[in-house]
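Per the UniProt record's numbering, the very first residue in the sequence shown carries number 1; after that it's consecutive. Just so it is clear, CB atoms sit at the ideal spot from N, CA and C, and this is done for glycine as well. Bear in mind the structure is a predicted one, so any value in this text is a computation, not a measurement.
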Amino acid sequence: SLAPSLTSQSEKEHLLLCVVGKNREPLFVKSLIEGQAFLARFSSMLAESDDSMKLSEKRKWWSIRRKLNRQMKDFVSELETEWLGNHAEIFGPPPPTPGGTTGYHLLCVGRLVQHLPWEAMPVLQDQSVGRVPSLSFAVAHQLLQEAQKRWELDPRLGYYVLNPRGDLPDTEKRFHGWFQKELRWTGVVGHAPSSAQFSEALQNHDVFVYCGHGTGREFLSTDHFQLLSCQATTLLMGCGSGRLVVGGACDPAGMALNYLLAGCPSLVAILWDVTDGDIDRLSKSLLEQWLEEGERGEEEEEEEGERLPLSLALARARSVCKLEGLNGYAAILYGNPSIAVT
Numbered sequence: 001s002l003a004p005s006l007t008s009q010s011e012k013e014h015l016l017l018c019v020v021g022k023n024r025e026p027l028f029v030k031s032l033i034e035g036q037a038f039l040a041r042f043s044s045m046l047a048e049s050d051d052s053m054k055l056s057e058k059r060k061w062w063s064i065r066r067k068l069n070r071q072m073k074d075f076v077s078e079l080e081t082e083w084l085g086n087h088a089e090i091f092g093p094p095p096p097t098p099g100g101t102t103g104y105h106l107l108c109v110g111r112l113v114q115h116l117p118w119e120a121m122p123v124l125q126d127q128s129v130g131r132v133p134s135l136s137f138a139v140a141h142q143l144l145q146e147a148q149k150r151w152e153l154d155p156r157l158g159y160y161v162l163n164p165r166g167d168l169p170d171t172e173k174r175f176h177g178w179f180q181k182e183l184r185w186t187g188v189v190g191h192a193p194s195s196a197q198f199s200e201a202l203q204n205h206d207v208f209v210y211c212g213h214g215t216g217r218e219f220l221s222t223d224h225f226q227l228l229s230c231q232a233t234t235l236l237m238g239c240g241s242g243r244l245v246v247g248g249a250c251d252p253a254g255m256a257l258n259y260l261l262a263g264c265p266s267l268v269a270i271l272w273d274v275t276d277g278d279i280d281r282l283s284k285s286l287l288e289q290w291l292e293e294g295e296r297g298e299e300e301e302e303e304e305g306e307r308l309p310l311s312l313a314l315a316r317a318r319s320v321c322k323l324e325g326l327n328g329y330a331a332i333l334y335g336n337p338s339i340a341v342t
């Protein structure tokens, strides 16, 4: 495995890269970048995206959002070429794990640049990638998963919270029958779950999917999370569910980190505000590829019965979005990228 760490020193406009891998010396790289101008450009795109979602005229809505989609794709390409340059090669495909499974990257991203969609860069977009808050956390997290055997995931033990506020009827229509009849999961649909239901779902199921607004924080507080032992690999598909907030000189904080600290093996979440239609397409494609043995190309032949890791399923699912840059790039993974069903 490989763990790049990215941060930005705003006063000197430098990008610092630290690459750590097994059986190799740590690599440190310092590059001069146009940091603040680049970050301001990204913030401006997100602000215009938020404003565009309030438009009622369909033609204008699509015109602006298609423009922003192109801009986001250009931005991510420039993130690689302008910020990483020749150093992008350090994000090349990692070697297989000792067990022979697909290798992966862990990103420990500095607080000033953690809101950027690094995973969508061309060099990383087809690879297995996960984010962790620190390298020491990554080690502790892996030891916890191994001790509690959370690699052994049963796709039949799924739970869903679908349209908990009752204002996403299209999302409910897209998923309810599939969750209930085909996947045969249990869950709550069309109304808010109790704190007990939310807590039980995370502690006693292998897969938990939340299709609603935000993070579901109103159903289970931060204080309750500190008492949890989260067993479920989780998909939080609400707007901004993966967003971390930076306060002063403090490290970023957000609900995504609460899940990880509670022991969640792997968490798919959304960095910024997106539209429900595209994120529903991504969610469906992600779950289908992850839970089922999809067709594989000649270069992707794997042992019979081996499933696609969650992170690779996510990487492929981004492309089903009509606006891949604006919506698909917002979906990222925290925690262990190699989680696969048994």
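Can you check which of these residues, E34, T233, I279 and E80, is closest to L124 by C-alpha distance?
On the sequence shown, residue 124 is found 124 positions in, with the first residue counted as 1. Residue E80 is the option with its Cα nearest to L124.
Can you tell which of C230, L144 and S128 has its C-alpha closest to the C-alpha of N258?
Residue mapping note: residue 258 aligns to position 258 of the sequence shown, counting from 1. Residue C230 is the option with its Cα nearest to N258.
Leaving out five residues before and five after R165 in sequence, what residues of the same chain have Cβ atoms less than 8 Å from its Cβ?
The count along the sequence shown starts at 1 and reaches residue 165 at position 165. Result list for R165: A192, G212 and H213, in chain order.
Which of the three DSSP states, helix, strand or coil, is assigned to K30?
Along the sequence shown, one-based indexing puts residue 30 at 30. Three-state DSSP puts K30 in a strand.
contact_flag[the segment 239-256, the segment 141-150] where n(CB pairs < 8 Å) is 3 or more
Contact fails: fewer than three Cβ-Cβ distances are below 8 Å.
Reduced DSSP secondary structure (H/G/I, E/B, other) of H141
Stepping through the sequence shown from its first residue, residue 141 is reached at position 141. It is helical.
Element boundaries [alpha helix (DSSP H), containing H213]:
Taking the sequence shown and counting its residues from 1, the one referred to as residue 213 is at position 213. No alpha helix (DSSP H) contains H213, which DSSP labels as neither H nor E.
Note down, in chain order, each residue of its chain lying with its Cβ closer than 7 Å to the Cβ of T342, except the 5 sequence neighbours on either side.
Residue 342 sits at position 342 when you count from the first residue of the sequence shown. Answer for T342: E152, L153 and D154, listed in chain order.
On the DSSP bridge list, what partners appear for C321?
Your numbering for residue 321 matches position 321 in the sequence shown. Answer by DSSP bridge pairing: none, since C321 is not bridged.
If you draw a straight line from the alpha carbon of A330 to that of V246, how long is it in whole angstroms?
For the purposes of this step, residue 330 is identified with residue 330 of the sequence shown, where counting begins at 1. For the purposes of this step, residue 246 is identified with residue 246 of the sequence shown, where counting begins at 1. Spanning the alpha carbons of A330 and V246 requires a straight line of approximately 18 Å.
CB of V188 within 8 Å of CB of V161, strictly:
Sequence index remark: in the sequence shown, residue 188 carries index 188 (1-based). Sequence index remark: in the sequence shown, residue 161 carries index 161 (1-based). Yes, the Cβ-Cβ distance between V188 and V161 is below 8 Å.
Can you tell me which of the three DSSP states T234 falls into?
Residue mapping note: residue 234 aligns to position 234 of the sequence shown, counting from 1. DSSP places T234 in strand when its eight states are reduced to three.
Along the chain, where does the beta strand (DSSP E) that runs through Y334 open and close?
As a first step, residue 334 is located in the sequence shown; it is residue number 334 there, counting from the start. Unbroken beta strand (DSSP E) run through Y334: A331 to G335.
Please name the residue in L39, R65, F175 and R41 whose C-alpha comes closest to that of D50.
Walking along the sequence shown from the start, residue 50 turns up at place 50. With distances taken between Cα atoms, D50 lies closest to R65.
Count the CB pairs spanning the segment 314-326 and the segment 173-185 that are closer than 8 Å, and state whether there are at least three.
Here the segment 314-326 makes no contact with the segment 173-185; the two share fewer than three CB pairs at distances below 8 Å.
Is there a Cβ from chain D that is less than 8 Å from the Cβ of G190?
As a matter of chain content, chain D is missing from the structure shown, which is built from one protein chain.
Under 7 Å from any heavy atom of the ligand MG, does the C-beta of T81 make it?
Although the ligand MG was asked about, the structure shown includes no ligands whatsoever.
Is it true that the segment 80-95 meets the segment 30-37, where meeting means three or more beta-carbon pairs spaced less than 8 Å apart?
Between the segment 80-95 and the segment 30-37, the count of Cβ pairs shorter than 8 Å is three or higher; the stretches touch.
List the DSSP bridge partners of D219.
Position 219 of the sequence shown, counting from 1, holds the residue named residue 219. Just to set this straight, residue 219 is Phe in the shown sequence, not Asp. DSSP, once it has assigned bridges, lists no residue as partnering F219.
I need the straight-line Cα distance from S1 to N23, nearest angstrom please.
Here residue 1 refers to the residue found at position 1 of the sequence shown. Here residue 23 refers to the residue found at position 23 of the sequence shown. A caution first: S1 carries a pLDDT of 42, below 50, which makes its placement in the model unreliable, though a value can still be read off. The alpha-carbon atoms of S1 and N23 are separated by roughly 10 Å.
At the level of alpha carbons, what is the spacing between S199 and A232?
Here residue 199 refers to the residue found at position 199 when the sequence shown is read from its first residue. Here residue 232 refers to the residue found at position 232 when the sequence shown is read from its first residue. Separation of S199 and A232 (C-alpha to C-alpha, rounded to the nearest whole angstrom) is 11 Å.
Under 8 Å by Cβ, that's how I've got G328 and L282 pegged, so tell me the actual separation to the nearest angstrom.
Counting from one through the sequence shown, the residue named residue 328 turns up at place 328. Counting from one through the sequence shown, the residue named residue 282 turns up at place 282. Contact between G328 and L282 is confirmed by a C-beta separation of about 6 Å, below the 8 Å threshold.
Quick check on this structure: which residue in K322, P93 and G110 has the alpha carbon closest to the alpha carbon of V132?
Counting from 1 along the sequence shown, the entry for residue 132 is found at position 132. Of K322, P93 and G110, the residue nearest in Cα terms is G110.
Where the beta strand (DSSP E) through N130 begins and ends:
Residue mapping note: residue 130 aligns to position 130 of the sequence shown, counting from 1. In the sequence as presented, Asn is not what sits at residue 130; that position holds Gly. That run of the beta strand (DSSP E) goes V129 to R131.
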